[in-house]
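Quick note: the sequence shown, position 239, residue 261 per this note's numbering, numbers continuous.
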Amino acid sequence: MLLKADRLFHSSYHSQAVHIRPICRNARCTSISWELRQTLSVVFDAFVTGQGKKDWSLFRMFSRTLTEPCPLASESRVYVDITSYGQDNETLEVNPPPLTTYQDVILGTRKTYAVYDLLDTAVINSSRNLNLQLKWKRPPENEAPPVPFLHAQRYVSGYGLQSGELSTLLHNTHPYRAFPVLLLDIVPWYLRLYVHTLTVTSKGKENKPSYIHYQPAQDRLQPHLLEMLIQLPASSVTKVSIQFERALLKWTEYTPDPNHGFYVSPSVLSALVPSVVAAKPVDWEESPLFSSLFPVSDSSSYFVRLYTEPLLVSLPTPDFSMPYNVICLTCTVVAVCYGSFYNLLTRTFHIEEPRTGGLAKRLANLIRRARGVPPL
């Protein structure tokens with residue numbers, strides 16, 4: 023087993039999922055079975071973890087190697103993308119060398135995979151471990167990755183805390199093919215959409231959607247739902263924009279850090295993207311494990327579901343520091359007033375008797391009394 027929990031948090035991205043679905047046992051589907059599928063997707067940045075090198079190995083990524091297959095599995099295989107190795111053997115080195123390879127069209131691109139069958143005793147050597155390694159014989163050129171035929175961007179524009187605009191850019195980089203895209207937007211209720219401001223433009227011209235479904239929001243009950251089917255012209259950028267107004271929330275509805283903003287879920291794009299590589303007909307029964315791991319296709323197009331960036335929108339936020347200031351001022355005034363009043367109530371007053379004079383004063387009073395003058 024390669025799974026080591028602490029190594030997952032050293033990765034750039036990881037996702038774990040459990041899928042359960044019914045499977046028909048016969049053609050008429052009179053009886054079904056339940057399929058349980060567990061997936062773990064992990065992304066490692068080999069350039070960062072390898073100190074500037076793109077070489078990687080199982081031990082470097084997971085701190086362990088493969089020692090044995092799953093004892094309950096009927097198929098246990100490891101697939102390694104060696105497309106660059108198949109094109110130029112002088113650039114890439116795969117260790118140990120694969121015994122078999124498999125080719126197919128993945129997302130419109132022909133890929134070559136090295137296949138390591140863990141149930142084959144020849145794969146795991148005498149040391150009872152399999153440490154797959156990929157080394158570059160010479161530093162690869164820093165070329166920009168190929169741009170996919172369909173990609174999207176989303177942003178919010180405007181100024182102030184009253185109104186704004188949500189914009190989504192849909193890029194179709196295919197040189198000569200146009201294809202439809204299903205755009206799904208779920209916007210929170212506190213962003214009140216103005217549906218009459220919805221505009222869709224492609225190459226500077228209006229692009230009218232062939233299908234629009236809009237479900238308005240209800241305050242504190244359900245969000246906005248906007249679904250559109252848009253035809254993307256070849257080599258074009260389609261902009262979908264709609265204006266909104268920010269609503270006022272109750273003071274109990276704000277998050278602990280309201281000045282940070284509120285997150286808006288990303289848009290979802292679903293499309294059948296045309297492929298430039300003709301997929302060869304393959305027998306899926308011969309490779310059920312491969313077809314479950316990779317989005318293979320037996321036609322001239324492949325299905326893609328994309329998610330745009332989530333948005334961070336600021337809402338009108340009350341001055342939550344005002345109660346603190348009022349409390350401080352009130353406590354100060356109360357302390358001053360109550361302190362003075364309490365001091366007057368608890369203080370004890372005593373009459374201080376004048377001190378009697380000495381011998382000289384007594385003699386002076388006797389003389390003054392004899393003369394008929396009041397004493398001192």
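Glycine included, each C-beta is placed from N, C-alpha and C at the ideal position.
Where does residue i land, buried or exposed, given buried means 16+ other C-beta within 10 angstroms?
i, result
"I45", "exposed"
"L367", "exposed"
"T260", "buried"
"F325", "exposed"
"A293", "buried"
"A239", "buried"
"R390", "exposed"
"H235", "exposed"
"V222", "buried"
"A357", "exposed"
"V262", "buried"
"H41", "exposed"
"L398", "exposed"
"N229", "buried"
"I128", "buried"
"P296", "buried"
"S37", "exposed"
"R150", "exposed"
"S179", "exposed"
"S224", "buried"
"E308", "Interpretation of E308 is limited by its pLDDT of 48, a score under 50 that renders its predicted location unreliable; the figure taken from the coordinates is listed afterwards. The residue is exposed, with fewer than 16 neighbouring Cβ atoms inside 10 Å."
For residue i, collect the residues of the same chain with a Cβ closer than 6 Å to its Cβ; drop the 5 residues on either side in sequence, then sort them by chain order.
i, result
"V286", "L333 and V335"
"L141", "P91 and S98"
"P202", "L251 and Q253"
"N9", "An answer regarding residue 9 cannot be provided, because it is not within the stretch 23 to 398 covered by the chain."
"L58", "I42"
"Y198", "A256"
"T274", "none"
Spatial neighbours of residue i within its chain, please: CB distance less than 7 Å, with the 5 preceding and 5 following residues excluded, ordered by chain position.
i, result
"R47", "S53, I54 and S55"
"D139", "R99 and V145"
"S33", "V64, V65 and F66"
"L220", "I264"
"V137", "R99, Y101, P120, T122, T123 and Y124"
"D103", "K133 and Y135"
"A39", "T61"
Can you name the residues that DSSP bridges to residue i?
i, result
"T131", "I128"
"R86", "R86 is not bridged to any residue."
"A39", "T61"
"F266", "G186 and L215"
"V358", "Paired residue(s): none; V358 is not in a bridge."
"F325", "L294"
"K383", "Looking at the DSSP assignment, K383 forms no beta bridge with any residue, so it has no partner."
"T223", "E228 and K261"
"E375", "Paired residue(s): none; E375 is not in a bridge."
"K157", "E115"
"H32", "In DSSP, H32 forms no bridge with anything."
Can you list, in chain order, the residues of its chain whose CB lies under 8 Å from that of residue i, leaving out five sequence neighbours each side?
i, result
"S144", "With the sequence shown as reference, residue 144 is identified as Ala, and Ser is not the correct amino acid for it. These residues qualify, in order along the chain: L121."
"A174", "T190, L191, L192, H193, S289, L291, L328 and T330"
"F69", "K75 and K76"
"S232", "P202, L251, I252 and Q253"
"N153", "S79, L80, F81, T87 and L88"
"F84", "L24, L25, K26 and R29"
"R176", "L188, S189, T190, L191, P288, S289, T330, E331 and L333"
Could you say if the region 266-280 and the region 325-332 meet the contact criterion of at least three C-beta pairs nearer than 8 Å? no
Determine contact between the region 175-195 and the region 262-271, defined as no fewer than three beta-carbon pairs at a distance below 8 Å. yes
Mind listing, in chain order, the continuous beta strand (DSSP E) runs of no fewer than 3 residues lying wholly within the region 182-218? 185-194 and 201-209
Do the region 231-250 and the region 208-223 make contact, defined as three or more Cβ pairs closer than 8 Å? yes
What are the start and end residues of each continuous beta strand (DSSP E) run of 3 or more residues lying completely inside the region 238-265, in chain order? 246-254
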